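See structure below.
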Amino acid sequence: MPENLYQYFIDQTWKLTENWYDSLDKGETKGVYSSTDPFVIEIIKQQNYEFHKRFSRVFIDDELDFERNFEDWIIEIAEDEQHLNTPIHHILKEFFRTQEQYLDLFYTYIREYPKRYSKDEENRFLHLITDTYAKVITWFTREHFTYSERKLQAQQELIHELSTPIIKLNHNTAILPLIGDIDTTRSKRLVEHTLEQCARKKISHLFIDLSGVMIVDTMVAAQLFQVIESLRLIGVQSTLSGIRPEIAQTAVQLGIDFTQVTISSTLEHAINLNI
Numbered sequence: 001m002p003e004n005l006y007q008y009f010i011d012q013t014w015k016l017t018e019n020w021y022d023s024l025d026k027g028e029t030k031g032v033y034s035s036t037d038p039f040v041i042e043i044i045k046q047q048n049y050e051f052h053k054r055f056s057r058v059f060i061d062d063e064l065d066f067e068r069n070f071e072d073w074i075i076e077i078a079e080d081e082q083h084l085n086t087p088i089h090h091i092l093k094e095f096f097r098t099q100e101q102y103l104d105l106f107y108t109y110i111r112e113y114p115k116r117y118s119k120d121e122e123n124r125f126l127h128l129i130t131d132t133y134a135k136v137i138t139w140f141t142r143e144h145f146t147y148s149e150r151k152l153q154a155q156q157e158l159i160h161e162l163s164t165p166i167i168k169l170n171h172n173t174a175i176l177p178l179i180g181d182i183d184t185t186r187s188k189r190l191v192e193h194t195l196e197q198c199a200r201k202k203i204s205h206l207f208i209d210l211s212g213v214m215i216v217d218t219m220v221a222a223q224l225f226q227v228i229e230s231l232r233l234i235g236v237q238s239t240l241s242g243i244r245p246e247i248a249q250t251a252v253q254l255g256i257d258f259t260q261v262t263i264s265s266t267l268e269h270a271i272n273l274n275i
């Protein structure tokens, strides 16, 4: 019965973990596997041990129960900060090394109990191990990629937010200091973020300072005008300050009409006039 095989494997779980860690090439691996921190070492051993406890059930659980039992481990490792800082090919290498351990242990079991299963049953168990490992590795890789993408997107959102900060001066007045180059991607985010923040913070007057902007192409100048027009439509007055000659020239070439916008030479001057 498969229960015998399961029991044989489950009895070896901690030994598998110790052998795995002892044979780890710590000089060639990076990230979590090369750590010398006793706390980190204990964690990865425990994670490896928990893997064995779950994988051993492949011999007695149906596919649905097996996946339910394995899901929390997959997600934990996929979202684990130490593993996120480890190159994915090193993680996959350890998956395959662990698979070799299982195959070696399975062959040892067959040698110890040569009459317990038929050749067809042995082959079926062998394929069960390799096929399930392939599914687990694919599952982990997918979850790892998905979480990494979400984390990267969140970081990009934070960067975008920090690059277009709406700083309140009082209950209804704020500053938008723009610094650095404004490309098409940033200008699109500028439109969305500025409108969202002004509406959320109940801003009625926004000072947009361009003194830190060195280059603005025609598309970005048009986007800037769109910001001002969109703000006007939601009842927010805009004051521009620090417009460099190159930016002014681009606006003129585009035929952008700033007659409805208050313009000041410096941010300080604009604030003194309006507050």
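Residue 1 is where the sequence shown starts when you use full-length UniProt numbering, and the numbers rise one by one after that.
Ideal Cβ placement from N, Cα and C applies to all residues, glycine included.
What you are looking at is a predicted structure, and each value in this text was computed from that prediction instead of being measured.
Check                                                                                                                                  : Outcome
Looking at C-alpha atoms only, which residue of I91, E18, T29 is the closest neighbour of R52?                                         : Per the sequence shown, the amino acid found at residue 52 is His instead of Arg. Out of I91, E18, T29, E18 has the C-alpha closest to the C-alpha of H52.
Within a Cβ cutoff of 7 Å, which residues of the same chain sit near I77, ignoring the five residues on either side of it in sequence? : Q47, H83, F140
Could you work out which residue in G212, A270, V261, Q226 is closest to E246 when comparing CA atoms only?                            : G212
Determine the DSSP secondary structure at P177, reduced to helix, strand or coil.                                                      : strand
Give the single residue among H90, T138, F9 whose Cα lies nearest to the Cα of F55.                                                    : F9
Would you decide whether Y102 is buried or exposed? Buried here means 16 or more other CB atoms lie within 10 Å of its CB.             : buried
Going by DSSP, which residues form a beta bridge with I41?                                                                             : Beta-bridge pairing links I41 to no other residue.
Where does D11 sit, in a helix, a strand or coil, going by DSSP?                                                                       : coil
Specify, as a first and last residue, the run of the beta strand (DSSP E) that F207 falls within.                                      : 205-212
So for I263, helix, strand or coil by DSSP?                                                                                            : strand
What residues in its chain sit with their C-beta under 6 Å from that of H205, if we drop five residues either side in the sequence?    : T173, Q237
Which of the three DSSP states, helix, strand or coil, is assigned to L240?                                                            : strand
Measure the alpha-carbon distance for W73 versus E79 and round it to whole angstroms.                                                  : 10 Å
Which class does K202 belong to by DSSP, given the choice of helix, strand or coil?                                                    : coil
If you measure between the beta carbons of I175 and D209, is that distance less than 8 Å?                                              : yes
Mapping DSSP to helix, strand and coil, what is I167?                                                                                  : strand
Quick check: the Cα distance between P114 and H127, rounded to an integer number of angstroms?                                         : 18 Å
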